[in-house]
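According to my numbering, the stretch in the sequence shown is residues 83 to 238, in order.
Beta carbons: idealized from backbone N, C-alpha and C, even for Gly.
Everything numeric in this text was worked out from a predicted model, so none of it was measured.
Input: a single structure, listed below in structure tokens.
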Amino acid sequence: MILGGCISPQQKAKNEQIDAQKKQQNEQLAAEKNARNEQMIAQAEVRLERAKKNASMTCAGILACNKAFSLAKIFVNNNADMRIRYSDDNSAYTHDPMEPGQIGLKITKRPSLGNSSIIELDASCKGISNREQDPALYELCVKKIENVYLKFMAIF
């Protein structure tokens, strides 16, 4: 029986039980979401690591390496969201990304055995470090970086 906004002890206990069940369900849903995010992050990290390992190439001979590096610099210019900030005979890099999801690139050429050189691409994305706070932005960055690395390898 309810009188003037008052509730019976039985109704109060029932309401508290319902509230506890809702809280438990919300906690379970949050735990499941966190587990899915952690799994997505782990899978993305593996994909990113694999793509990064493949984003380098070895060239043989000074002329071939100079040509390959020139193509790599053009690639950086055409595929980064930011403009090139610095470029010389052995490296080129863009400004740091300013907006979430933007890509910045760096290309380096370093000597290897004999007349060969190794040309490596390194990509960065604004927001990739916020994986726990913004898993969707993290996944977007991973996909964009992965795509850039795959496109880079396709030109060689």
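Check: Any beta strand (DSSP E) of 3 or more consecutive residues that is wholly inside the stretch 94-158; Outcome: 138-142
Check: Where the beta strand (DSSP E) containing C58 begins and where it ends; Outcome: In the structure displayed, the chain extends from 83 to 238; residue 58 sits before or after that span and is not available.
Check: Of the listed residues Q121, G186, R192, C147, nearest to C223 (C-alpha basis); Outcome: G186
Check: Simplified DSSP assignment, three categories, for L195; Outcome: coil
Check: Option nearest I144 by Cα separation, candidates E214, A95, L195; Outcome: L195
Check: 8 Å Cβ shell around E221 - same chain, five flanking residues per side excluded; Outcome: M122, A126
Check: Straight-line Cα distance separating I227 from N161; Outcome: 10 Å
Check: Residue(s) in a DSSP beta bridge with C223; Outcome: Answer is none; C223 lacks a bridge partner.
Check: Residue environment, C88, which counts as buried when at least 16 other CB atoms sit within 10 Å; Outcome: exposed
Check: Nearest-angstrom Cα separation, counted from F234 out to F157; Outcome: 7 Å
Check: Local Cβ density within 10 Å of F238, reported as buried at 16 or more and exposed below that; Outcome: exposed
Check: Proximity below 8 Å, CB of A174 to CB of K155; Outcome: yes
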